[in-house]
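One structure below.
Residue numbers (the working numbering): 156 to 683.
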């Protein structure tokens, strides 16, 4: 008889590997003892039979489709460890399913008790037997589900009472769970990527463009995906976990997640402040409301940095372009104090022309802000690093073989070992030359060039900000924005003098005069 083995375990079972091995081993020994021919094995990994997911969309459902299509002959044996591996639904559902599949010509056989169910022996006694087994399996699943549900309810209750013990090792992609007792640890480079996503969104970039830019930069995705996708960018932007909050919820197998209670603050380490998240969400809402697509200009390079002397953020107001009498096109975009604009007590009514401020700030600090690393090609650098490591190991092996050949040549005084030694020395020299070349390529991939070349590429980069090509323009503005945010820690807009003060990460302080002449540079301690 031809046999198809069916193996299943649910997501709440422990020891999935051992469950697979045990079920498969028992079934194969059972079949071998009877001289049956195992033609296939189907597996439902982490699929619950309590709600019938395996019979609706799992491997078991595909087996039934194959039987209906005639891809398995009548009399095919479906061999399982025990009946509740097929279904743990209620009695009526299980009996109906067994009757249906046996009518299709399938013989169900259970290793546990050696029972066989087919269209010829499904009499009243057999149906009662199936019903009893189904009832016991369903009752056990209900108890297990209740126990798991009660355990999670108790965990949620402890969280509500202030307990911040890590409930599960599942964590957002920018966190790891380490130690005993377990604690959340921030993965720094991933957290920085998340912050960049929020900053870009606040600056006006859409999720499709953000995903594209991360892929072009060679930033590795957090999961097993083949790159960044707009849907995952959206998931990050919608997550409360970036603020450190955990939203309890329940999600039945195959169902939709439902929130339970209020978010729990302080469960995760926060990696984004509430203001940045609010600005990102507001920018998303603006894009949705005014219908702006992927062609956004990345108008404001100073999002998150620019603040009024009163402490409120400076809002970017886009007024569009105006043509002067001489034919020049001037953009009428401004930075204005958000508190003044909303009547929250600030008297700074100045509207700072954005184009003028941007030009002055870039004149003042762009050469400092843009470093070699901002021109790095991460994917290419990583490829070369791996190549150097592989060649270094190869060189060590060649040298070891050369040493052995030299010893053999000295001991035997024969020409063959000497010839081998000379050939290996030549191979080692070639490998060393290749490694030196790769190291030079790595320096370039990491963005290192001469001061003159660096100045030239900064000039090219700044020219790209006004390129007619949208992709080139956005790439240039994004690179400059990232560099500015790395160097400038704050920008303060003065009301009376209309000066803009830049506090830098190296403790320097630069004052630019958008409506006057010159740039004043000094240190934080010397600032006005």
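Just so you know, even glycine gets a beta-carbon here, dropped at the ideal spot from N, CA and C.
Since this is a predicted model, take the numbers as computed values, not measurements.
Query, Result
"Residues bridged to residue 320 (per DSSP)", "Partner(s): none; residue 320 has no beta bridge."
"Within 7 Å, strictly: CB atoms of residue 199 and residue 213", "yes"
"Test item: CB-CB of residue 426 and residue 397 under 7 Å", "yes"
"Secondary structure of residue 648, DSSP reduced to three states", "strand"
"Continuous alpha helix (DSSP H) stretch holding residue 220: start and end", "214-223"
"Residues of its chain near residue 635, where Cβ-Cβ distance is below 8 Å and the 5 sequence neighbours each way are ignored", "456, 517, 521, 524, 525, 616, 617, 620"
"Cβ-Cβ separation, residue 394 to residue 327 (assumed contact under 8 Å), whole Å", "7 Å"
"For residue 242, the nearest candidate out of 230, 222, 266, 215 (CA to CA)", "215"
"Cβ contact (3+ pairs, closer than 8 Å) linking the stretch 537-557 and the stretch 592-599", "yes"
"Whether residue 388 touches residue 366 by CB criterion (7 Å)", "yes"
"Residue of 350, 650, 586, 646 minimising C-alpha distance to residue 666", "646"
"Buried versus exposed call for residue 160 [16 or more other C-beta atoms within 10 Å across all chains shown]", "buried"
"Close-in-space but distant-in-sequence residues of the same chain around residue 671 (CB under 6 Å, 5 per side omitted)", "none"
"Euclidean distance between Cα positions of residue 386 and residue 363", "9 Å"
"Nearest-angstrom Cβ-Cβ length linking residue 507 and residue 669, presumed shorter than 8 Å", "6 Å"
"Residue 258 - DSSP class collapsed to helix/strand/coil", "helix"
"Per DSSP, the bridge partner or partners of residue 164", "200"
"Test item: CB-CB of residue 349 and residue 460 under 7 Å", "no"
"Close-in-space but distant-in-sequence residues of the same chain around residue 503 (CB under 6 Å, 5 per side omitted)", "463, 492, 495, 650"
"Option nearest residue 453 by Cα separation, candidates 157, 632, 614, 368", "632"
"Beta-carbon spacing of residue 253, residue 156 below 7 Å", "no"
"Integer-rounded CB distance, given that residue 378 should sit under 8 Å from residue 370", "Actually they are not in contact, since the Cβ atoms of residue 370 and residue 378 sit about 14 Å apart, beyond 8 Å."
"Residue interval of the beta strand (DSSP E) (run including residue 462)", "461-463"
"Distance CB(residue 544)-CB(residue 579) smaller than 7 Å", "no"
"Given residue 692 as reference, the closest of 376, 368, 351 once Cα atoms are compared", "No answer is possible for residue 692: the residues shown for the chain start at 156 and end at 683."
"Residue 331 - containing beta strand (DSSP E), residue span", "330-333"
"As assigned by DSSP and simplified to three states, the class of residue 387", "helix"
"Whole-angstrom C-beta distance between residue 182 and residue 236, which should lie under 8 Å", "7 Å"
"Alpha helix (DSSP H) segments (min. 4 residues) lying fully within the stretch 591-634", "606-619"
"Residues near residue 468 in its chain [Cβ-Cβ closer than 6 Å; skip 5 each side]", "462, 493"
"Residue 430 burial status per 10 Å Cβ neighbour count (16 or more: buried)", "exposed"
"Alpha-carbon to alpha-carbon, residue 361 and residue 505", "30 Å"
"Cβ distance (whole Å) where residue 432 is taken to contact residue 353 below 8 Å", "6 Å"
"Beta-carbon proximity list for residue 551, same chain, < 7 Å, skipping 5 on both sides", "none"
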